[in-house]
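Undergrad: Handing you a structure now.
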Amino acid sequence: MLKKLLDHRLIFLTSGIKRSVIIPSDFDLCTQMKLLNDKKKFKEALELFDKYKENNNKTLSSYTITQALKASARIRDLQRGSTIHQFISSDMKDNSYILVSLIHLYMQCSEVTRAQSLFDTASEKSLHTYGAMMKGYIKNHMTNKAIDLFKEIKNPDEVIIIILCNAGAQLGTNEALSLIKKVSSQMPKHFYSNLRLLTSLLDVLMQCGDVKHAQALFDTSTTKILSMYGAMMKGYIKNNMATKAIDLFKEIKDPDEIVINLLFTACAELGTSEALNLTKIVSSQMPKHFYSNLRLLTSLLDALIQCGNVTHAEALFNRSIKKISPLYGVMMKGYNTNNMANKSIDLFNEIENPDDVNFIMLFNACAQLGTHEALNLIKKVLSQIPKHFYSNFHLLTSQLDALIKCGDFSTAEILLSKMKKSVISYGNLMSGYLKTDNPEKVLDLFDRMKNDNIEPDFIIYLCLIKALSHIGDYSLSQLTVQQIPNSFLLNDRIQNTLIDMWVSSN
DNA sequence: ATAGGGTTAG
2 MLKKLLDHRL IFLTSGIKRS VIIPSDFDLC TQMKLLNDKK KFKEALELFD
52 KYKENNNKTL SSYTITQALK ASARIRDLQR GSTIHQFISS DMKDNSYILV
102 SLIHLYMQCS EVTRAQSLFD TASEKSLHTY GAMMKGYIKN HMTNKAIDLF
152 KEIKNPDEVI IIILCNAGAQ LGTNEALSLI KKVSSQMPKH FYSNLRLLTS
202 LLDVLMQCGD VKHAQALFDT STTKILSMYG AMMKGYIKNN MATKAIDLFK
252 EIKDPDEIVI NLLFTACAEL GTSEALNLTK IVSSQMPKHF YSNLRLLTSL
302 LDALIQCGNV THAEALFNRS IKKISPLYGV MMKGYNTNNM ANKSIDLFNE
352 IENPDDVNFI MLFNACAQLG THEALNLIKK VLSQIPKHFY SNFHLLTSQL
402 DALIKCGDFS TAEILLSKMK KSVISYGNLM SGYLKTDNPE KVLDLFDRMK
452 NDNIEPDFII YLCLIKALSH IGDYSLSQLT VQQIPNSFLL NDRIQNTLID
502 MWVSSN
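First residue of the first sequence: 2, per our numbering; consecutive thereafter.
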C-alpha cells in the first residue's frame, strides 16, 4: 500500500503547488496514521484522525479511512468505528478495502450480524473479504461457519489456507484434521515454501493430535523459522510430550520471548529438578528486558513454583515493579498448591482489579481452609464479582466447591440450580454430602441428575455406591445397582466399593 | 485490507 501512496505522491509533486496543498495533507495524515498503527499506537492514530477532521471539511481518502477503521478495530471501539462507517460516502462503500476493514471492525467488536449483512450485500466478494469473514468467525468462536465459508471458495490463496488452519487448530477434531490433510495435498506445491503457512500447518496438525505428520513436515523443511519451533513446542506440550518440547528448545540458537515462554510451560508441566535447573539457566541467560514481559514472567514463576522453588518465585514477584492480575494469580496458585492458603488470601487482598482466575484461586484457598472465616470471606467476595465473570464455568465450579468444603450446602444448592448442569458440579455436591454423612441427599441428587438428562460418570457411581453402603438397605441397594451400566461394573474400584456395600447391608 | 508460534484456572 505504501508503494501505491508513494506513486500518488510523485504525481502530485510534479503537478503543481495547488494540488499539493490539498492532497498531500491527507497523504501525510494517512502515512502518519499507518506508522502509528504499525507501532500499535492506535489511540494516537485516531486522535490524529479526529484533529484532521475538525480542521478540514474535505472528503477523506479511502486509505485514511481504512487506517482509522483498523485502529478502531484493534482497540475494539465500536462506537467510533460505527461513526466512521456512517461518515463514509456511498460510492466509497463499494471499495473493497473499506468493505474488508468494516467487516474486520464489526467482527472484532463481536457484531457478527452486522459483519454478515455487509458480506451478504456486497456486490463483489474478493478473497480478502472471505478471509476477513473467516477470521471473524474464528474470533467469535463460530469455527464451523468459517469452514463452511471456506468450502465456497474456488481458488483459495495462501492467506485463506492459513486462516483455515487456524480454524482447524481451534477445533482440534479428527474431521478438522482430514479436511486440512485434503486441502494441503491439493494446494500448489510452492505454498509449502511459505513459512508462515507451514507454521500454521504444523500448528493445526499438532492441535489435532497428528504429531507424526507434523514431525515429518518439520524435519523435511530446509529452512526453519522460530515460529515453526514455537508451533512444534506448543504441540508437544498439548500432546503431553513436554520432554520433546524441551529437546527441541535446545536446538534453537537465538530463542525469543515466545519460545522461552513455551519452554517454561514445558518445565512447569514436568515439575522435576532437571526442569527446575533448566528454568534457572535459561532465565538467568536471557536478556534482562525479557523480565519486564509480564506474560513471560508469569510462565517463569509458574515453572519455578511447579518445580518446587516457591522462594525464588516470591523473590522475582516482589522484584517486579509492574504487577498484573495474572502474576498475582500464578503466585496464589503456588501458595495454594503448597498448602499456604492464608498467604494466597493475603495476596488476593492486594489486587486492585482481580480477574476471573484470581477469584478462582481465592475460592480454592477458601476450600482448602474450609473454616467459618473462609465461608464469610466467600460471601463477602461474591458481591464483588463483576457480572460478566458469571459466564465463566471454571469460576462457578470452584465457587461451588468452596461453598461445599466450607459446609454451606444451602447456598451451594442455590448456586447449582442457577448453573448450567454438569457431571462435575453434581459429583462435587454428591461427594460433599457423602463426607458430611448425608447419604439420602446423594441418592436424591442422583435422581435429579437423571431428570436433567446428565450422563453419570465413574465418580458419580462411586459416590452412589458409597451412599448405599452408608444407608445399608439391601433392597434399595439392589434396586439402585441395577441402574449402573455393565461397563462401570467391570471397574476395579467400583467392584471393591460394591463388595463393601453388600457386606454392610447384610 | 484478511496471514504464524506465548501466561495463571475445576
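The beta-carbon is built from N, C-alpha and C at its ideal position, and this holds for glycine as well.
(1) My output table needs one value for A368: the three-state DSSP class, helix, strand or coil.
(2) Could you tell me how far apart the beta carbons of L100 and T130 are, in whole angstroms, since I believe they sit closer than 8 Å?
(3) Whose C-beta lies closer than 7 Å to the C-beta of S326 among residues of the same chain, with five residues either side of it excluded?
(4) Do L103 and L79 come within 9 Å of each other at the CB atom, strictly closer than that value?
(5) Kindly indicate the opening and closing residues of the alpha helix (DSSP H) around K126.
(6) Near T299, which residues of its chain fall below 7 Å by C-beta distance, leaving aside the five closest residues on each side in sequence?
(7) Quick one: is I415 buried, meaning 16 or more other Cβ sit within 10 Å of its Cβ, or exposed?
(8) Please state whether DSSP places I500 in a helix, a strand or coil.
(9) So G330 is in the alpha helix (DSSP H); what residue range does that whole segment cover?
(10) Can you check which of these residues, Y64, K40, Q33 and D39, is closest to K52 by C-alpha distance?
(11) Can you look up E522 in the DSSP assignment and give me helix, strand or coil?
(12) Quick one: grab the DSSP three-state call for H395.
(13) For I148, does the three-state DSSP call read helix, strand or coil?
(14) Going by DSSP in three states, E441 sits in which element: helix, strand or coil?
(15) Buried or exposed: which applies to F219, given that a residue is buried once 16 or more other Cβ atoms fall within 10 Å of its Cβ?
(16) Can you give me the C-alpha to C-alpha distance between N294 and R449, rounded to a whole angstrom?
(17) Which one of K436, M93, K467 and P457 has the shortest CA to CA distance from L499?
(18) Nearest to A307 by alpha carbon, out of N278, S26 and R320?
(19) What separation, rounded to the nearest whole angstrom, lies between the Cα atoms of S26 and K44?
(20) Suppose contacts are defined by Cβ-Cβ distances below 9 Å. Is Q400 in contact with I425 by that definition?
(21) Find the nearest neighbour of S228 within the set A304, V260 and Q479, judged by alpha-carbon distance.
(22) Find out if the Cβ-Cβ distance for the pair T244, A267 is shorter than 9 Å.
(23) What do you get for N350, buried or exposed, if any count of 16 or more other CB atoms within 10 angstroms of its CB means buried?
(24) How is the alpha helix (DSSP H) around K183 delimited, first residue to last?
(25) From D362 to K334, what does the alpha carbon distance come to, in whole angstroms?
(26) So for D402, helix, strand or coil by DSSP?
(27) Under three-state DSSP, which class holds K436?
(28) Along the chain, where does the alpha helix (DSSP H) containing Y292 start, and where does it finish?
(29) Taking 8 Å as the cut-off, does the region 432–444 touch the region 471–482 (at least 3 CB pairs, one atom from each stretch)?
(30) Which of the three DSSP states is assigned to K140 in this structure?
(31) CB-CB under 6 Å to R296, same chain, minus the five flanking residues each way: which ones, in chain order?
(32) What is the rounded straight-line gap between the Cα of D303 and the Cα of K323?
(33) Could you have a look at K35 and say whether DSSP puts it in helix, strand or coil?
TA: Answer, in terms of the structure:
(1) By 1-based counting over the first sequence, the position of residue 368 is 367. A368: helix per DSSP, three-state reduction.
(2) Taking the first residue of the first sequence as 1, we reach residue 100 at position 99. Taking the first residue of the first sequence as 1, we reach residue 130 at position 129. With a Cβ gap of about 6 Å, L100 and T130 count as contacting.
(3) Counting from one through the first sequence, the residue named residue 326 turns up at place 325. If you ignore the 5 residues before and after S326, its C-beta comes within less than 7 Å of the C-beta of I352, N354, P355, D356 and N359, all in its own chain and listed in chain order.
(4) Along the first sequence, one-based indexing puts residue 79 at 78. Along the first sequence, one-based indexing puts residue 103 at 102. Judged by beta-carbon spacing, L103 lies beyond the 9 Å limit of L79, meaning their Cβ atoms are not closer than that value.
(5) Within the first sequence, numbered from 1, the residue matching residue 126 stands at position 125. Premise fails: K126 is in no alpha helix (DSSP H) and is neither H nor E.
(6) Position 298 of the first sequence holds residue 299. So the qualifying residues of the chain are P327, L328 and V331.
(7) Counted from its first residue, the first sequence places residue 415 at position 414. Under this definition I415 is an exposed residue.
(8) Along the first sequence, one-based indexing puts residue 500 at 499. Under the three-state reduction of DSSP, I500 is assigned to helix.
(9) Numbered from its first residue, the first sequence carries residue 330 at position 329. Note, G330: alpha helix (DSSP H), S326 to T338.
(10) To locate residue 52, count along the first sequence from 1; it is residue 51. Shortest Cα-Cα distance from K52 to any of Y64, K40, Q33 and D39 involves Q33.
(11) The chain is shown only over 2 to 507; residue 522 falls outside these bounds and no answer can be derived.
(12) For the purposes of this step, residue 395 is identified with residue 394 of the first sequence, where counting begins at 1. DSSP, read as helix, strand or coil, puts H395 in helix.
(13) If you number the first sequence from 1, residue 148 lands on position 147. Here I148 carries a helix assignment [DSSP, helix/strand/coil].
(14) As a first step, residue 441 is located in the first sequence; it is residue number 440 there, counting from the start. If DSSP states are grouped into helix, strand and coil, E441 belongs with the helices.
(15) Taking the first sequence and counting its residues from 1, the one referred to as residue 219 is at position 218. It is buried - the Cβ of F219 has at least 16 other Cβ atoms within 10 Å.
(16) As a position in the first sequence, residue 294 is number 293, starting the count at 1. As a position in the first sequence, residue 449 is number 448, starting the count at 1. So the two alpha carbons sit approximately 49 Å from each other.
(17) For the purposes of this step, residue 499 is identified with residue 498 of the first sequence, where counting begins at 1. The candidate whose alpha carbon is nearest that of L499 is K467.
(18) Within the first sequence, the letter at position 306 stands for residue 307. First, the amino acid is wrong: residue 307 is Gln here, not Ala. Distance check between Q307 and each of N278, S26 and R320 places N278 closest, using alpha-carbon atoms only.
(19) Counted from its first residue, the first sequence places residue 26 at position 25. Counted from its first residue, the first sequence places residue 44 at position 43. Cα-Cα distance, rounded: 20 Å.
(20) To locate residue 400, count along the first sequence from 1; it is residue 399. To locate residue 425, count along the first sequence from 1; it is residue 424. Their beta carbons are not under 9 Å apart, which means Q400 does not touch I425 by this criterion.
(21) In the first sequence, counting from the first residue as 1, residue 228 sits at position 227. Among A304, V260 and Q479, the Cα nearest to that of S228 belongs to V260.
(22) Taking the first residue of the first sequence as position 1, residue 244 is located at position 243. Taking the first residue of the first sequence as position 1, residue 267 is located at position 266. The answer is yes: Cβ separation under 9 Å.
(23) The residue you call residue 350 lines up with position 349 of the first sequence. Counting every other CB atom within 10 Å of its CB across the protein chains shown gives N350 a total below 16, marking it as exposed.
(24) Along the first sequence, one-based indexing puts residue 183 at 182. First-last of the alpha helix (DSSP H) with K183: N175 to Q187.
(25) If you number the first sequence from 1, residue 362 lands on position 361. If you number the first sequence from 1, residue 334 lands on position 333. The identity of residue 362 in the sequence shown is Met, whereas the question assumes Asp. In this structure, the straight-line span from the alpha carbon of M362 to that of K334 is close to 6 Å.
(26) The residue you call residue 402 lines up with position 401 of the first sequence. In this structure, D402 counts as helix in the three-state DSSP scheme.
(27) Residue numbering aside, residue 436 sits at position 435 when the first sequence is read from its first letter. Note: K436 maps to helix in three-state DSSP.
(28) Sequence index remark: in the first sequence, residue 292 carries index 291 (1-based). Premise fails: Y292 is in no alpha helix (DSSP H) and is neither H nor E.
(29) These segments touch.
(30) The residue you call residue 140 lines up with position 139 of the first sequence. Secondary structure of K140 (DSSP, three-state): helix.
(31) Counting from one through the first sequence, the residue named residue 296 turns up at place 295. Excluding positions up to five away in sequence, the list is empty.
(32) Position 302 of the first sequence, counting from 1, holds the residue named residue 303. Position 322 of the first sequence, counting from 1, holds the residue named residue 323. It is roughly 17 Å from the alpha-carbon of D303 to the alpha-carbon of K323.
(33) By 1-based counting over the first sequence, the position of residue 35 is 34. Helix.
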